[in-house]
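Take the sequence shown: its position 56, counted from the start at 1, is 55 in numbering that gives the first Met the number 0, and no numbers get skipped.
Following: one structure in structure tokens, then a few remarks.
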Amino acid sequence: MALKLSYHYRLPASVTHHAAVIGHLREVLNVFASKADCSKFYIGITNDLKRRRREHERERPEYTLMCAIHKEEINIVSDSFHNLEASAVAQFRGGVVNKATGRVLRCGNDVSGSPAKNWLYLLVDKRDVSDIPVHSRDAAMWGDEN
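Below, the structure is given as structure tokens:
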């Protein structure tokens with residue numbers, strides 16, 4: 000199955016504090032943790048979402064949805080996104096528990112290092128992705144979403 004790329008959960012570029020990005024990521028993870036057809040997620044960073052999507056289609060076929068969460072401008076400290084990925088994986092490594100059902104959305108990441116990247120994304124194993132919009136809510140950000 001093809002991996003759908005969605006910008007629907009993307010934060011505006013004006014958000015620069017990592018704590019705000021992590022908070023938003025937690026909200027998005029909670030959305031998927033509340034869905035019965037999701038059981039696993041993976042957090043990653045890249046400088047090319049479309050290339051990375053093609054790689055994940057081959058290497059991680061269990062995932063069906065790739066959500067762009069945040070794009071950090073490249074002129075910000077070069078390794079800050081790397082630190083954000085490591086922080087996000089460390090914080091959510093144990094998974095996310097749905098408070099209403101007790102179900103756990105498991106994290107598929109291993110802690111690893113990588114060169115500086117500027118997109119934070121999330122992979123989810125959602126069975127039906129037809130209801131997930133492709134573009135972000137802010138049309139002003141659509142320029143790099145094609």
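Backbone N, C-alpha and C fix where the C-beta goes; we use that ideal spot for every residue, glycine too.
Since we're looking at a predicted model, the values are computed, not measured.
Along the chain, where does the beta strand (DSSP E) containing residue i start, and where does it finish?
{"i": "L10", "result": "Unbroken run through L10: none, as it is neither H nor E."}
If you run the structure through DSSP and keep just helix, strand and coil, what is residue i?
{"i": "K39", "result": "strand"}
{"i": "L104", "result": "strand"}
{"i": "A99", "result": "coil"}
{"i": "H69", "result": "strand"}
{"i": "E84", "result": "helix"}
{"i": "E56", "result": "helix"}
{"i": "D130", "result": "coil"}
{"i": "G142", "result": "helix"}
{"i": "K34", "result": "coil"}
{"i": "R92", "result": "coil"}
{"i": "H17", "result": "helix"}
Would you list the residues sitting across from residue i in a DSSP beta bridge?
{"i": "R25", "result": "Note: R25 sits in no beta bridge, so no partner."}
{"i": "I44", "result": "L119"}
{"i": "K3", "result": "L64"}
Between the alpha carbons of residue i and residue j, how many angstroms are there, rounded?
{"i": "G101", "j": "V95", "result": "9 angstroms"}
{"i": "S129", "j": "H55", "result": "19 angstroms"}
{"i": "L119", "j": "D36", "result": "23 angstroms"}
{"i": "Y69", "j": "R53", "result": "A small correction: the amino acid at residue 69 is His; Tyr does not occupy that position in the sequence shown. So the two alpha carbons sit approximately 19 angstroms from each other."}
{"i": "A89", "j": "A138", "result": "33 angstroms"}
{"i": "K34", "j": "I131", "result": "13 angstroms"}
{"i": "R92", "j": "G43", "result": "13 angstroms"}
Please confirm whether residue i has its beta-carbon closer than 8 angstroms to some beta-carbon of chain D.
{"i": "T45", "result": "The displayed structure is made up of one protein chain only, and chain D is not part of it."}
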